[in-house]
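Peer 1: My questions will all concern the structure given below.
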Amino acid sequence: MNLNREELIEQLIHHGHSMNELQSMQSEALKDLFTRETMELIRLFPSYLKEEEEEEENPSLPSPLDGIAPLSLKEFWQKIKENSKNPDSLYLVLDELVHTHDYQDILELLANHTTDQLYKRLARMVKIKYREYQEWLLDDIQRHYRELPPEELAVQMHEYERQRENIHRLKTVLLTLKNPHRKEQIIHLAKMKNDLLKQYRRDEIEGYYREFYENSEEKKGIITKIMKVTNAYTAEKLKTMKVEELEEMYAILLETMAQERRERAKLKHFLKLFEESIYQDSEEVFDNLCHHALVELSDEQMRKVVEFMEGMNSLFAQKLKNLLKEVSRR
């Protein structure tokens, strides 16, 4: 969101600043003021959403079932009795019931009017319809939020999914989103938040959008790659890391593996040279090879060379050990 001076002033006027105050400020100062205030707005965004949701005692929403008559619990109980022998019809009655009455009130109704066995059967059926209603509400909220940036959508839907048992909250959210003006305000603010984070807080963006990045295909892919090359970390541990950190870890792992391959190839090459030196009637060749190996190979690799030579020729192995002792005394 690269704003010029005029655009910055226009935005800051919406924040409550006067034109005279803003016109007297340097462009850099305007930018700093805009950044500070918008980052504060980002911090307060979740509470802003809650304020925007209309907290009515009984939110009235369109139902996925058309033409629902607002029956009382007593009237519903009569319909349940009338349709108790027909599962398909009974499900339709319960479908209407969960859209218009509180879940606990429904269970209390059943408990007061049924036997144990019938209560368990009806309670299971009500639970199924209640879950379906939750899904309908969540799907409708997501449909209204489809214009949000994907990161913001993931965060918001994670929050509503976490509160799926609070039907009243889901209904008030949906009622708010059905108000075009409020919906436009929320989406505009969310897009501004997303733009500002990407421009000014790229190093913090995964913290703000943890729910999105934890489940992104990019993150899943890099975690899969890491776990293919090492079992030092669990998937749960890797999920807590940022994508940038995971990419750096993977690059280091690949470089480490490449270095280990180079070291193994180098050792194999020297073992072959030492084996060939046994069959050459030249102490000078062997001595030069020993000194060259001391420069190129690590202590661990030299230990492996000694073990190899002990299996090939004890005399040459002793020469090499004597040279190592001499070097270590220097």
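Going by this note's numbering, the first residue of the sequence shown is number 1, and it counts up by one from there. Beta carbons: idealized from backbone N, C-alpha and C, even for Gly.
(1) Buried or exposed for Met309, please, with buried defined as at least 16 other CB atoms from any protein chain shown within 10 angstroms of its CB.
(2) Comparing alpha-carbon positions, which option in Arg303, His101, Asn313 and Val295 lies nearest Ser277?
(3) Please look up how many angstroms separate the CB atoms of Leu73 and Leu109, rounded, as I've assumed it's under 8 Å.
(4) Specify the secondary structure class of Asp140 as computed by DSSP and reduced to three states.
(5) For a quick check, are the C-beta atoms of Glu296 and Tyr209 less than 9 Å apart?
(6) Would a C-beta distance cut-off of 9 Å place Lys183 and Thr172 closer than the cut-off?
(7) Taking the Cβ atom as the reference point for each residue, do Ala235 and Met227 lie within a distance shorter than 9 Å?
(8) If you follow the alpha helix (DSSP H) that Arg202 is in, where does it begin and where does it stop?
(9) For Ala232, does the three-state DSSP call read helix, strand or coil?
(10) How long is the line joining the alpha carbons of Ser245 and Glu206, rounded to whole angstroms?
(11) So, helix, strand or coil for Gly221, using DSSP?
(12) Taking a contact to mean a Cβ-Cβ separation below 9 Å, would you say Leu323 touches His292 in this structure?
(13) Suppose contacts are defined by Cβ-Cβ distances below 9 Å. Is Leu289 in contact with Leu273 by that definition?
(14) According to DSSP, simplified to helix, strand and coil, what is Ser27?
(15) Between Lys266 and Ser282, what straight-line distance do the alpha-carbon atoms span, to the nearest angstrom?
(16) Throw me the rounded Cβ distance for the Met257 and Val229 pair, which I believe falls under 8 Å.
(17) Hey, could you find the ends of the alpha helix (DSSP H) Arg262 is sitting in?
(18) Nearest-angstrom Cα distance between Thr114 and Ser89?
(19) Note down, in chain order, each residue of its chain lying with its Cβ closer than 8 Å to the Cβ of Phe316, except the 5 sequence neighbours on either side.
(20) Tell me whether Leu118 sits in a helix, a strand or coil according to DSSP, three-state version.
Peer 2: On the basis of the supplied data:
(1) In the sequence shown, counting from the first residue as 1, residue 309 sits at position 309. Around the CB of Met309, 16 or more other CB atoms lie within 10 Å, so the residue is classed as buried.
(2) As a position in the sequence shown, residue 277 is number 277, starting the count at 1. Minimum Cα distance to Ser277 is reached at Asn313.
(3) On the sequence shown, residue 73 is found 73 positions in, with the first residue counted as 1. On the sequence shown, residue 109 is found 109 positions in, with the first residue counted as 1. Confirmed, Cβ separation roughly 5 Å.
(4) Locating residue 140 in the sequence shown gives position 140, where the first residue counts as 1. Note: Asp140 maps to helix in three-state DSSP.
(5) Within the sequence shown, the letter at position 296 stands for residue 296. Within the sequence shown, the letter at position 209 stands for residue 209. Contact: no.
(6) Within the sequence shown, numbered from 1, the residue matching residue 183 stands at position 183. Within the sequence shown, numbered from 1, the residue matching residue 172 stands at position 172. In terms of Cβ geometry, Lys183 and Thr172 do not form a close pair [threshold 9 Å].
(7) Taking the first residue of the sequence shown as 1, we reach residue 235 at position 235. Taking the first residue of the sequence shown as 1, we reach residue 227 at position 227. Taking 9 Å as the Cβ cut-off, Ala235 and Met227 qualify as a contacting pair.
(8) Stepping through the sequence shown from its first residue, residue 202 is reached at position 202. Counting along the chain, Arg202 falls outside any alpha helix (DSSP H), and DSSP gives it neither H nor E.
(9) Here the question's residue 232 lines up with position 232 in the sequence shown. Coil.
(10) Within the sequence shown, numbered from 1, the residue matching residue 245 stands at position 245. Within the sequence shown, numbered from 1, the residue matching residue 206 stands at position 206. Looking at the sequence shown, residue 245 is not Ser but Glu. Cα to Cα, Glu245 sits roughly 11 Å from Glu206.
(11) Mapped onto the sequence shown, residue 221 falls at position 221. In the three-state scheme derived from DSSP, where H, G and I count as helix and E and B as strand, Gly221 is classed as helix.
(12) On the sequence shown, residue 323 is found 323 positions in, with the first residue counted as 1. On the sequence shown, residue 292 is found 292 positions in, with the first residue counted as 1. Contact flag unset, no.
(13) Along the sequence shown, read from residue 1 onward, the residue named residue 289 stands at position 289. Along the sequence shown, read from residue 1 onward, the residue named residue 273 stands at position 273. Yes, Cβ-Cβ distance for Leu289 and Leu273 is below 9 Å.
(14) By one-based count along the sequence shown, residue 27 stands at place 27. Reduced to three states, the DSSP call for Ser27 is helix.
(15) Walking along the sequence shown from the start, residue 266 turns up at place 266. Walking along the sequence shown from the start, residue 282 turns up at place 282. Distance between the alpha carbons of Lys266 and Ser282: 23 Å.
(16) Here residue 257 refers to the residue found at position 257 of the sequence shown. Here residue 229 refers to the residue found at position 229 of the sequence shown. About 6 Å separates the two Cβ atoms, so the contact holds.
(17) As a position in the sequence shown, residue 262 is number 262, starting the count at 1. Its alpha helix (DSSP H) spans residues Val243 to Ile278.
(18) By one-based count along the sequence shown, residue 114 stands at place 114. By one-based count along the sequence shown, residue 89 stands at place 89. Whole-angstrom Cα-Cα distance: 19 Å.
(19) Locating residue 316 in the sequence shown gives position 316, counting from the first residue. Counting only Cβ-Cβ distances below 8 Å, and skipping sequence neighbours, we find Phe274, Ser277, Ile278, Phe286 and Met309.
(20) Sequence index remark: in the sequence shown, residue 118 carries index 118 (1-based). DSSP places Leu118 in helix when its eight states are reduced to three.
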